[in-house]
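Number of protein chains: 2
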Amino acid sequence: MESSERLLREHGIKVTPQRLSIVSELSGRVHMSIDDLYQSIKKSFPSISLATVYKNINAMMDMNFIQEVKIPNQKSRFELNKEPHSHLFCQKCGKVEDIELELNTITTQAAQKSGYKIDEQSLIFSGICPKCAKN
Amino acid sequence: MESSERLLREHGIKVTPQRLSIVSELSGRVHMSIDDLYQSIKKSFPSISLATVYKNINAMMDMNFIQEVKIPNQKSRFELNKEPHSHLFCQKCGKVEDIELELNTITTQAAQKSGYKIDEQSLIFSGICPKCAKN
DNA sequence: TTAAATGCAAAAAATTTGCAGACGT
DNA sequence: ACGTCTGCAAATTTTTTGCATTTAA
């Protein structure tokens, strides 16, 4: 709330309740799809329209305020733009988490082997989370 | 042609000209989107329908014969199912290439740090390919 | 011969757009 | 007060489905 508002102001866009809801949802550690977001926000804010969610997600992507996370065989999820990091996807419960890993070594290898000038990497691990593994 | 036919037979599905075209397109080193495929196949096979491309792509995904490659900010591409490998995406020309890298070390790190039981990883580098870098 | 595949057209799902009214600054 | 944002409905785009016909085995 506080910080969501500040984030929006820093990016120079109007602070509306709809946007505050979106940012607040995306601030959690769970990464959500467009429809997750819409369904979730509707509970506390029934009048929000799906078009508004789309418009804001697109606008926020354009201004590099949020990012899309594409997971194999899954709908895209969205997250606030943070320091570069990798992702873990649990095939059992569907959760997506962040993980920080040092990718310099592997990126250097890839650059040397391919001749590419690499400036971004997307690394997603799929498996079973500890909680699901127990059951 | 030869080998496309063999691949289809090995997977126990009927060998049709439409399927041969799809497999043959996907055999190249360039990874294509659904629409790339459709447009490209239509040139040599004008009667193919988009629905057929979708049906076959879906069926081939289900039988694990091909795989979807999701690239940030891009349409999905498809490739024949090969040994695990990573991808390079050129932000200039849009090309997607395979690259083989040893991911054991980083995967072990991720598993230890997170407690996940990891069985798959998707690693995509974005940057500029050597050819585009020259221009 | 027969089950499966194709192509078409229609249906459904996902995303975008235009615009009048509401709202933030 | 002004320009932006919202919500609605309609338009587009993407993907799926049903079905009559064709085709591979």
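Sequence order for the protein chains is A and B.
Each residue of the first sequence is one higher than the last, beginning at 489 in the numbering used here.
Each residue of the second sequence is one higher than the last, beginning at 489 in the numbering used here.
Idealized CB from N, CA, C, for every residue including glycine.
Everything numeric in this text was worked out from a predicted model, so none of it was measured.
Query                                                                                                                              : Result
Cross-chain neighbours of Cys-617 (chain A) in chain B, by beta carbon under 7 Å                                                   : Tyr-604
Any C-beta of chain B under 8 Å from that of Lys-558 (chain A)                                                                     : yes
Distance between beta carbons of Ser-521 (chain B) and Arg-565 (chain B), contact taken as under 8 Å                               : 6 Å
Residues of its chain near Met-489 (chain B), where Cβ-Cβ distance is below 6 Å and the 5 sequence neighbours each way are ignored : Its pLDDT being 49, under 50, Met-489 (chain B) is placed unreliably in this model, and the value from its coordinates should be taken loosely. Within the same chain, Met-489 (chain B) has no close Cβ partners at all.
CB contact flag (Ala-598 (chain B), Leu-589 (chain A), <8 Å)                                                                       : yes
6 Å CB neighbourhood of Ser-614 (chain A) in its chain, flanking five on each side removed                                         : Phe-577, Gln-579
Endpoints, the alpha helix (DSSP H) within which Ile-522 (chain A) is located                                                      : 522–532
Proximity below 8 Å, CB of Asn-569 (chain A) to CB of Asn-552 (chain A)                                                            : yes
Cα-Cα separation between Ser-662 (chain A) and Gln-609 (chain B), rounded to whole angstroms                                       : In the structure as shown, chain A starts at 489 and stops at 623, and residue 662 (chain A) therefore has no counterpart that could be examined.
Every unbroken beta strand (DSSP E) inside the segment 517–591 of chain A [3 residues or more]                                     : 554–557, 565–568, 574–578, 584–587
Residues, ordered as in the chain, of the segment 583–597 of chain B that lie near chain A by beta-carbon distance below 9 Å       : Glu-585, Ile-587, Glu-588, Leu-589, Glu-590, Leu-591, Thr-593, Ile-594, Thr-595, Gln-597
Nearest candidate by alpha-carbon position, reference Pro-618 (chain B), set B:Asp-607, B:Gln-562, B:Gly-582, B:Ile-554            : B:Gly-582
With 16 other Cβ atoms within 10 Å as the buried cut-off, status of Leu-525 (chain A)                                              : buried
Ile-501 (chain B) (DSSP reduced to helix, strand or coil)                                                                          : coil
Range covered by the alpha helix (DSSP H) that runs through Cys-620 (chain B)                                                      : 618–622
Strand pairing of Leu-611 (chain B), partner residues [DSSP]                                                                       : A:Leu-611
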